[in-house]
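The numbers in the numbering used here rise by one with no breaks, and the one at position 344 of the sequence shown is 632.
Everything on this sheet refers to the single structure shown next.
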Amino acid sequence: MASRTRYVIAALVAGLLTMPSAACTGGGKATTDSFTVGLLLPSRVVPRWENSDKPLIEQRVKQLCPHCSVTYANADDDSAAQRQQLTAMITKGVRVLILGATDNRAQRSSVQEAYNAGVPVIAYDRLADGPISGYVSFDGVQVGTLQGQALLEAMHAPTKDRTIVMMNGDPTSPNAAWYRRGALSVLRGKVRIGRSYDTPGWSTDNANANMSAAISALGPDRIDGVLAANDSMAAGVISALKSAHVRRLPPVTGQDADLDAVQRIINGEQSMTVYKSFRAEAEAAAAMAVALGRGEKLHTIATTTTDSPTTHHIPSVLLTPVTVTTANIKQTLVKDGVYTIAQICTPQLRAACARAGLTP
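Here it is as structure tokens:
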């Protein structure tokens, strides 16, 4: 993560730590530093939610508000289940909600329900419809732009005669549209887009099926690159290419810096991933949650605003994504403590790690 982002987050945290232990809401109701934050995440398919976001948010809320607690639920990609989880948290008396929505439109009524109950909702990573009080994510268009640029670079002197496949994200997520828009901004006119697919659930299996269809339609040796929107989908794409006995894998992009994706990059199977500092995102969301729980406004935390289809000028923190290739794994993921070299460099990858300069 860029140093500027770390500075902003550190400043936010420092400011929150110096806040008084009691505040007043807009209606004059006294509050204390002993409240519950509800955390709702969308899925277990993508490893980051359970392995990174959940523990980091819990840890930071506790640091900012030692007597606060976090109650957690995972929707397992079920929008109806997430609506029930959100209602249950309101009933149990959470003071603020952090929502990673399964579907931005499907959760609109639940966000409205929380608003009616006086419970502010922070949209986390994905912008949900309804009266959202705060939003924390990464610049989605920039994510797609980085993927498109990296794909062109990995293809070496691409031309309009060279064919790529676009494996887009879940069509219910506004993030997927932003990633696609960013990618197309650099790919259009440079290469031929042979096939373009949406991938419900950001699923490895769905990406595998889509890629198998693309191979059948275009031919196994006529695909010069694949724009895969995240690492789970990249895994499905690469598996389909291997099953089709493609001898030389084309460049395949990714996102989220999953450990197995980093290992595929080291092994020459995936060309890049996009690193989004989960710690920075979690810290910003926790800062917003604690501030709102204390009855504070977000003007000292939010660095910009975002419009959704239903709400304008949502106080927002949009962080900066980073391209990761073999050239900078050590300077990004290892330096930031996401993974150790020992975690990345299994015995099977020691030679490849040595070539990439990843030695203890």
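The beta-carbon is built from N, C-alpha and C at its ideal position, and this holds for glycine as well.
Predicted model only: the values in this text are computed from it and were never measured.
Cross-strand partners of residue i (DSSP beta bridge)
| i | result |
| --- | --- |
| residue 670 | The structure shown does not extend to residue 670, since the chain is modelled only from 289 through 648, so no value can be given for it. |
| residue 516 | 455 |
| residue 611 | 562 |
| residue 606 | 425 |
N- and C-terminal bounds of the alpha helix (DSSP H) containing residue i
| i | result |
| --- | --- |
| residue 371 | 367 to 380 |
| residue 470 | 462 to 475 |
| residue 395 | Element bounds for residue 395: n/a, residue is neither H nor E. |
| residue 343 | 342 to 352 |
| residue 651 | Here the chain comprises residues numbered 289 to 648, so residue 651 is not present and cannot be evaluated. |
| residue 505 | 492 to 506 |
The beta strand (DSSP E) enclosing residue i, as first and last residue numbers
| i | result |
| --- | --- |
| residue 263 | This structure does not reach residue 263, given that the chain is present from 289 up to 648, and the question cannot be answered. |
| residue 482 | 480 to 485 |
For residue i, the three-state DSSP class (helix, strand or coil)
| i | result |
| --- | --- |
| residue 634 | coil |
| residue 361 | strand |
| residue 592 | strand |
| residue 334 | coil |
| residue 534 | coil |
| residue 540 | strand |
| residue 627 | coil |
| residue 621 | helix |
| residue 414 | coil |
Distance between residue j and residue i (C-alpha atoms, nearest Å)
| i | j | result |
| --- | --- | --- |
| residue 642 | residue 334 | 29 Å |
| residue 618 | residue 341 | 22 Å |
| residue 570 | residue 422 | 13 Å |
| residue 329 | residue 349 | 16 Å |
| residue 322 | residue 392 | 30 Å |
| residue 499 | residue 528 | 6 Å |
| residue 597 | residue 630 | 45 Å |
| residue 588 | residue 530 | 50 Å |
| residue 637 | residue 402 | 49 Å |
| residue 539 | residue 441 | 9 Å |
| residue 424 | residue 648 | 35 Å |
| residue 559 | residue 535 | 16 Å |
Below-9 Å beta-carbon distance, residue i vs any chain C residue
| i | result |
| --- | --- |
| residue 521 | In summary, chain C is missing from the structure at hand, where a single protein chain is found. |
*beta strand (DSSP E) segments (min. 3 residues) lying fully within the stretch 435 to 459*: 451 to 455
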